[in-house]
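Here my numbering is used: the first residue of the sequence shown is 55, the next is one more, and so on. Even glycine gets a Cβ: it sits at the ideal position worked out from N, Cα and C. Just below is one structure, and these are the notes that go with it.
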Amino acid sequence: MADQLIIFDTTLRDGEQSPGASMTKDEKLRIARQLERLRVDVIEAGFAASSNGDFEAVKAIAGAVRESTICSLARANDRDIARAAEALQGAERSRIHTFIATSELHMEKKLRMTREQVFEQARLSVRFARNLTGDVEFSAEDGYRSDVDFLCRVVEAVIREGARTINIPDTVGYAIPELYGNFIKTLRERVPNSDQAIWSVHCHNDLGMAVANSLAGVQIGGARQIECTINGLGERAGNCSLEEVVMAIKTRRDYFGLDLNVDASQILAASRLVSQTTGFVVQPNKAVVGANAFAHASGIHQDGVLKARDTYEIMRAEDVGWSANKIVLGKLSGRNAFKQRLQELGIALESEAEINHAFVRFKDLADRKNEIFDEDIIALVMDEGVGSEQEHYRLVALSQRSETGERPHASVVFSIGQVEHHAESDGNGPVDATVRAIESTVNSGAELLLYSVNAITSGNTESQGEVTVRLQHAGRVVNGIGADPDIVVASAKAYLSALNKLHSKIERVSAQG
Ligand code: KIV
Ligand code: ZN
């Protein structure tokens, strides 16, 4: 019988640590529902002790998701662990994931603790967590750069205290596949009680090897849990990408011989939801979920694929959800069809009034755009803040004038709280003029770090433009996303959405802090 490989998704925790990727409770809930449909085994829903917002998000996910185990991260201290347990109370199956750094560098410079202090804290924290739940995971942060003798001692002790999963992160993405695989193998051979825990890999992508390292941890090291994120979202170069490891294990079952619970046909929907929620655009040549991943552009390839698919295709596009990329609704679609599609997309709008509100916007979009795709519906809900937190800044109307040889001019009406403002400005282009007009009233003092435009659905110029704006202010980085068939309007919405996030002042403690 083949071994089972556990897929532990940390998009909502480690992925969210990516600057600008922070999500609201509703956004997290929506993604968690999609992860449940994807049938990941464990959803790391957040870091409950880091902020009230994260606590509420973990609690809401624990109450809503039934099929996957819900996990919260906690530093190795009683307060964090108790807070995680409290947030997880409503879960069908829950896990507390506690961690402490074990490398000399992190212990000395970051924690300012001795080896013995770290050893004791790890042991006592796992003991405390085990009194609150039967499913405890322990992570040795910066494990891969830790002294192997010390790491063996810590791991043996925490397994004795009842940790059932042992995770060895390559926190800084320093590992090389063969070396990382052998490191896990050595630990499993040297820790006397290693067979009493499931071993897990957690790799960052700084050298572009997170997926390869994770697979080596499984194949050489014998790990049976992979920690990963949708689209490889995560700080710096990101985490191990879920879609890539899952499809590697499935496509090369002949080599890995492992079974997965994941329903791969939900991968594309998950990828799009995460990218549209966070504004982290998926590169076109990204494996599995990139727009070109299954596009056979060259004539030779097309000819081959038409004659026999497997000449150039090692996976079928429909197996990862590409066939779901179909027209779902149009101008004549009624409210019931719209409501049903929202449900299928896991978008839970609280009240009939909210559904009506979203339906009016849908009709407005359908008047301007013939074919409405799933991505359009997700964007519509995201963009208008339907079902999410109250908006402080909101676009009311925009007009702009640009003509060859003339300096573009924009006139923007938007509300701040309950008060409507009208602002005008010139600019280098219509987008620049729009942003200048908004800033002439708001004076946010924010620095623009990124501006990008993307077509939501590929194929024609009728697509909505999706704009991502990244702003930095007072040490915080936020992403705003806006969508509209008119990219200047989309830009204004994205800019105001970023200002809303800065205004919401969500503060949280960093896991690595
Ligand atoms: O990368 C890391 O070490 C982590 C731990 C907190 C598990 O994310
Ligand atoms: Zn990590």
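Buried versus exposed, by CB contacts within 10 Å (16 or more), residue i
i	result
ARG370	exposed
LYS547	buried
VAL489	buried
LEU502	exposed
ARG84	buried
GLY197	buried
THR458	exposed
LYS79	buried
VAL450	exposed
GLU232	exposed
ASN293	buried
LEU434	buried
LYS340	buried
LYS361	exposed
Rounded C-alpha distance that separates residue i from residue j
i	j	result
ARG524	GLY288	16 Å
THR65	ASN285	9 Å
ARG137	ALA103	6 Å
GLY536	GLU70	19 Å
PHE173	VAL96	27 Å
ASN346	ARG181	49 Å
GLY235	GLU474	60 Å
PRO73	ASP201	30 Å
LEU553	ALA477	16 Å
LYS113	PHE101	11 Å
GLU429	THR522	15 Å
GLU162	THR168	7 Å
ASN106	ASP68	17 Å
SER179	PHE416	50 Å
SER529	GLU140	In the sequence as displayed, the identity of residue 529 is Gly instead of Ser. One C-alpha to the other measures close to 30 Å.
GLY188	ASP224	26 Å
SER148	CYS125	6 Å
VAL316	VAL532	31 Å
HIS411	LEU383	17 Å
GLU406	LYS393	10 Å
ARG87	GLY481	42 Å
Coil, strand or helix - residue i by DSSP
i	result
PRO223	strand
CYS206	helix
ALA36	Beyond the ends of the chain as shown, which are 55 and 567, falls residue 36; an answer cannot be given.
SER295	strand
SER254	strand
GLN58	strand
GLU460	coil
GLY317	Per the sequence shown, the amino acid found at residue 317 is Asp instead of Gly. ASP317 falls in the coil class under three-state DSSP.
ALA425	Looking at the sequence itself, residue 425 is Glu, so the reference to Ala does not match. Here GLU425 sits in strand by DSSP.
ILE97	strand
LEU434	helix
LEU186	coil
VAL396	According to the sequence provided, residue 396 is Leu. The question's Val does not apply to it. DSSP places LEU396 in helix when its eight states are reduced to three.
LEU403	coil
ASP201	coil
LEU178	helix
ASN379	At ASN379 the pLDDT is 44, less than 50, meaning the model places this residue with poor confidence and gives no usable figure here.
DSSP beta-bridge partners of residue i
i	result
PHE192	THR152, ILE220
LEU92	LEU92 pairs with nothing; no bridge assigned.
ALA509	GLY519
VAL485	Answer is none; VAL485 lacks a bridge partner.
ALA477	VAL466
GLY74	VAL532
GLY384	GLU425
ASP108	DSSP lists no partner for ASP108.
LEU504	ARG524
ASP63	ILE97, CYS282
Residue i: first and last residue of the uninterrupted beta strand (DSSP E) it sits in
i	result
TYR447	447-455
ARG129	123-129
PHE468	463-470
ARG524	519-527
GLN279	279-282
Residue i, enclosing alpha helix (DSSP H) - first and last residue
i	result
LEU550	541-558
ASN533	It is not in any alpha helix (DSSP H) - ASN533 instead sits in the beta strand (DSSP E) that spans 530-538.
SER329	321-332
LEU233	231-244
ASP249	Element bounds for ASP249: n/a, residue is neither H nor E.
LEU269	264-273
TYR309	307-310
ARG133	132-141
Any non-hydrogen atom of ligand 4 within 6 Å of residue i CB
i	result
ASP68	Ligand 4 is absent from the structure shown, which contains only ligand 1 and ligand 2.
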